[in-house]
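A.B. asks: I have a structure here, written as structure tokens, and I will follow up with some questions on it.
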Amino acid sequence: MESPSPTKVELPTSFEEVSIDDLVELIADMLQRLMSHNDKIPLLPENLSRFHSGSVPHISVLDYLKRIVQYTNVEKACLLLTLNYIDLISTRMPTFIFTSLVCHRFLIAAITASSKGLCDAFCTNQLYAKVGGITVTELNCLEQEFLSAVDWHLVCARDMLNEYYINLVRTNGSGRFALAGDTPQGGSDNDVDLDSVMSRDSSPDIPIRHVSSETPAPTIQASPEGVPRATLEQNMAFAALRQSQHQLHSSPYQQLN
């Protein structure tokens, strides 16, 4: 006997109106699928960056995002911007591959920077570091590396953010989310109305595995303005193609897992 299909949760077509819990689940699902794909690519010296942890942190990307939301009151736009940043950096840095070793440190750096770029009020780096499970010194270095990687492009058009959101709903792996009215095109002409993110007075007391790294960051070369930005799915396919081409011109002992 076949198990019943999951009950669909109907979500609004505007990311401003969606529950932040549902948005976090959608983003975590996309990032987990991206990491599952990219983790099969062997880690090469040229791929190492300051974002790499020494080992995969013992906290899932979903729980990590939930923790950040709980203790920093991060804006929905900042969460969606992390996807735009991945696409932007993948375009500007051919060696950048988003994996489970990169995810956590990248997310806390991206949310720290985007909150400062978008919001009138934001948390201190001391709090972001404690929530992220790293030291303030590490976060400062990560933030500087991140800003260089995105060339200080911390914001994008509201319609682009909504396109990311619409794509998340339509491609989510759980199969339990659907857009209200099954709208074929996402976005509207309304401007983003961002609320200020407020710092919490109390520090988080939930323990988290320390996310550390000893790897140096490579030099980042700037690319010309106006470079088209690929989607996450396109970057996944491009990463696989780039790796297969690399194998043809490298050691025969380096193979895809």
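In the working numbering, the protein residues as written are 19 to 275. Just so it is clear, CB atoms sit at the ideal spot from N, CA and C, and this is done for glycine as well.
What three-state label does DSSP hand residue 93 in the structure shown?
C.D. replies: coil
A.B. asks: Based on the DSSP secondary-structure assignment, which residues constitute the bridge partners of residue 28?
C.D. replies: 196
A.B. asks: Within its chain, find whatever has a CB closer than 8 angstroms to the CB of residue 144; leave out the 5 residues flanking it on each side and keep chain order.
C.D. replies: 154
A.B. asks: Taking all protein chains shown into account, do 16 or more other C-beta atoms lie within 10 angstroms of the C-beta of residue 75, making it buried, or fewer, making it exposed?
C.D. replies: buried
A.B. asks: Would you mind stating whether residue 173 and residue 107 have Cβ atoms separated by less than 8 angstroms?
C.D. replies: no
A.B. asks: What is the DSSP secondary structure of residue 121, reduced to helix, strand or coil?
C.D. replies: Of the three classes helix, strand and coil, the one that applies to residue 121 here is helix, per DSSP.
A.B. asks: On the three-state DSSP scale, how would you describe residue 213?
C.D. replies: Bear in mind that a pLDDT of 32 at residue 213, under 50, signals an unreliable position, so the number given afterwards is only what the model happens to contain. Correct three-state label for residue 213: coil.
A.B. asks: What's the gap between the Cα of residue 217 and the Cα of residue 86?
C.D. replies: Note on residue 217: pLDDT 31, under 50, position unreliable in the model; no value is reported.
A.B. asks: Give every residue of the same chain whose Cβ lies closer than 6 angstroms to the Cβ of residue 161, excluding the five residues on either side of it in the sequence, and list them in chain order.
C.D. replies: Same-chain partners within the cutoff: 127, 130 and 131.
A.B. asks: Whether or not the segment 91-109 and the segment 176-191 are in contact is what I'm after, with contact meaning three or more pairs of Cβ atoms, one per stretch, closer than 8 angstroms; do they touch?
C.D. replies: Touching, per the Cβ criterion.
A.B. asks: Could you tell me whether the segment 100-116 touches the segment 58-67, where touching means 3 or more Cβ pairs closer than 8 angstroms?
C.D. replies: yes
A.B. asks: Helix, strand or coil for residue 61 per DSSP?
C.D. replies: coil
A.B. asks: Express the C-alpha separation of residue 31 and residue 196 in angstroms, rounding to a whole number.
C.D. replies: 9 angstroms
A.B. asks: At 3 residues or longer, what runs of the beta strand (DSSP E) sit wholly inside the segment 107-151?
C.D. replies: none
A.B. asks: Classify residue 58: buried if its beta carbon has 16 or more other beta carbons within 10 angstroms, exposed otherwise.
C.D. replies: exposed
A.B. asks: Taking only the alpha-carbon atoms, compute the straight-line gap between residue 79 and residue 142 and give it to the nearest angstrom.
C.D. replies: 22 angstroms
A.B. asks: Applying the 10 Å Cβ sphere with the 16-neighbour rule, what's the burial state of residue 25?
C.D. replies: exposed
A.B. asks: Report the option in 53, 68 and 84 whose CA atom is closest to the CA atom of residue 42.
C.D. replies: 84
A.B. asks: Looking only at its chain, what residues have a beta carbon closer than 6 angstroms to the beta carbon of residue 187, apart from the 5 residues adjacent to it on each side?
C.D. replies: 29, 195 and 197
A.B. asks: Checking 8 angstroms against the spacing of the C-beta atoms, do residue 55 and residue 82 come in under that value?
C.D. replies: No.
A.B. asks: Given this structure, state the Cα-to-Cα distance separating residue 175 from residue 185, to the nearest angstrom.
C.D. replies: 16 angstroms
A.B. asks: What residue from 89, 51, 90 and 45 has the CA that sits closest to residue 102's CA?
C.D. replies: 45
A.B. asks: As a quick exercise: from 98, 68 and 48, pick the residue whose alpha carbon is nearest that of residue 38.
C.D. replies: 98
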